[in-house]
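For the sequence shown, our numbering begins at 30 and goes up steadily by one.
Ideal placement from N, C-alpha and C gives every residue a C-beta, glycine not left out.
The model shown is predicted, which means the values in this text are computed figures rather than measured ones.
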Amino acid sequence: MGTELVNPISLLDHCWLPVNQPSAHPHKAGPHLLAVSLPTLSSVFQLHQSLSFTAESEREKEKWIEAVQESIAETLSDYEVAEKIWFNEANRSCADCHAPRPEWASVNLGVVICKKCAGQHRSLGPSISKVRSLKLDSSIWSNELVELFLEVGNKNANTFWAANLPLEEDLHSGASAEQRATFIRRKYRERKYRRVLEGFHDLEQLNQGLCAAAVSPDVLQTMALVFSGADVMCATGDPTYSTPYLLAQRAGQKLQMEFLHQNKLSDFPRLEQWLENPSLSDASLFMDGFLYISSGPAKSTLDRRGRDDMARRWCTLEGGFLSYYESERSPSPIGRVDVAMVVSLAVSNTETMTGAG
């Protein structure tokens, strides 16, 4: 006798977003819920009306949840760190595509980047680029890290990363995701456009140069050495100050210490040792795709009959709004949710959806 999948939804989790929303009838106002799950049911409850969203795959569900989480956080953020970083005029445009007012940064590479480029930086992995928000990740922006970005700036950083960039290969703010991915991969993973350091022919010479630079104020030289393959954790020959970081600490070079700290897990081997990994993904905060929506309580099954009761809509998450359209080509949405009204995001278990227990 074959095994029947009696309740497929029980294998899936659900994501609910309580929402505080102003009302003309305060006594009727209550928490509103947004859920994005799969093949799960997602619901937005506004007063006495509810909408249910269903993603087409587990992967799509996770992407939507992550995007909504980040969009919610963005609406609650401020520009205090960004304003400090932008004090250096070179940081007022993206280091990669030159888009204005970039709100993200690679804290180990020392570059300020826009949201779209940040998505492609994430695809490089944290051993190459550690992406952080100027607005959302305020806890990591110490005075030393802010000072490092002011000292370096996009212009100085690009004297290394883009020293040999042909004009025709430069990225522009209107570039597609594919163009952006290719450029950023070539620039940082392959280091195709980097400045070649003279007089450093092997790892031993690079490490010796790093130990010498770490005790000086020249953080740009330290960056060039590390990004050319010097080992941040190399032996210095001093049993007491055994790493470049400790040498910088002894010399009182706080910016050197900050840069070396941010790169302690970075991996920039010498280029002849590098094996290119072509795996890329776009993880920007822009999100779109099809979801199934119904204007009623969430369904407890996701079989064909359950989906027949739901409308398949094109949905976008952009600028703090989750909007849904009649079709992908529709010029205007038929409804949307302001994520600024969402105050928390949590994953609930199956019993919450099915009413079990």
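Is it right to say residue i is buried, meaning 16 or more other beta carbons lie within 10 angstroms of its own, or is it exposed?
{"i": "residue 287", "result": "buried"}
{"i": "residue 213", "result": "buried"}
{"i": "residue 279", "result": "exposed"}
{"i": "residue 251", "result": "buried"}
{"i": "residue 125", "result": "buried"}
{"i": "residue 86", "result": "exposed"}
{"i": "residue 327", "result": "Confidence in residue 327 is poor, its pLDDT being 47 and thus under 50, which makes the residue's placement unreliable; the coordinate value appears in the next sentence. Residue 327 comes out buried."}
{"i": "residue 90", "result": "buried"}
{"i": "residue 269", "result": "exposed"}
{"i": "residue 193", "result": "exposed"}
{"i": "residue 216", "result": "buried"}
{"i": "residue 339", "result": "buried"}
{"i": "residue 151", "result": "buried"}
{"i": "residue 108", "result": "exposed"}
{"i": "residue 172", "result": "exposed"}
{"i": "residue 114", "result": "buried"}
{"i": "residue 100", "result": "buried"}
{"i": "residue 138", "result": "buried"}
{"i": "residue 154", "result": "exposed"}
{"i": "residue 264", "result": "exposed"}
{"i": "residue 322", "result": "buried"}
{"i": "residue 116", "result": "exposed"}
{"i": "residue 346", "result": "buried"}
What are the boundary residues of the alpha helix (DSSP H) that includes residue i?
{"i": "residue 190", "result": "172 to 190"}
{"i": "residue 119", "result": "Careful: residue 119 lies outside any alpha helix (DSSP H) and carries neither H nor E."}
{"i": "residue 277", "result": "273 to 280"}
{"i": "residue 230", "result": "No alpha helix (DSSP H) holds residue 230; DSSP gives it neither H nor E."}
{"i": "residue 357", "result": "Looking at the DSSP string, residue 357 is not in any alpha helix (DSSP H), and its letter there is neither H nor E."}
{"i": "residue 284", "result": "283 to 291"}
Note the first and the last residue of the continuous beta strand (DSSP E) segment covering residue i.
{"i": "residue 161", "result": "160 to 162"}
{"i": "residue 142", "result": "140 to 142"}
Identify whether residue i lies in helix, strand or coil by the three-state DSSP scheme.
{"i": "residue 165", "result": "coil"}
{"i": "residue 31", "result": "With a pLDDT of only 42 at residue 31, under the threshold of 50, the placement of this residue in the model should not be trusted; the figure read from the coordinates follows. Correct three-state label for residue 31: coil."}
{"i": "residue 322", "result": "strand"}
{"i": "residue 340", "result": "strand"}
{"i": "residue 251", "result": "helix"}
{"i": "residue 269", "result": "coil"}
{"i": "residue 206", "result": "helix"}
{"i": "residue 221", "result": "coil"}
{"i": "residue 100", "result": "helix"}
{"i": "residue 240", "result": "helix"}
{"i": "residue 261", "result": "coil"}
{"i": "residue 212", "result": "helix"}
{"i": "residue 156", "result": "coil"}
{"i": "residue 297", "result": "coil"}
{"i": "residue 95", "result": "helix"}
{"i": "residue 77", "result": "Its pLDDT being 44, under 50, residue 77 is placed unreliably in this model, and the coordinates cannot settle the point."}
Based on the DSSP secondary-structure assignment, which residues constitute the bridge partners of residue i?
{"i": "residue 200", "result": "Beta-bridge pairing links residue 200 to no other residue."}
{"i": "residue 388", "result": "Outside the shown range of the chain, which is 30 to 386, sits residue 388, and nothing can be said about it."}
{"i": "residue 129", "result": "122"}
{"i": "residue 134", "result": "141, 161"}
{"i": "residue 83", "result": "321"}
On the three-pair Cβ rule with 8 Å, is the region 158 to 167 touching the region 134 to 147?
yes
Is there contact here, the region 170 to 180 with the region 215 to 230, by at least three beta-carbon pairs under 8 Å?
no
Count the C-beta pairs between the region 160 to 172 and the region 117 to 136 that are closer than 8 Å, then say yes if the count reaches three, no if not.
yes
Stretch pair the region 259 to 274 + the region 227 to 246: three plus CB contacts closer than 8 Å
yes
Is it a yes or a no for the region 182 to 193 touching the region 251 to 262, going by three-plus beta-carbon pairs under 8 Å?
yes
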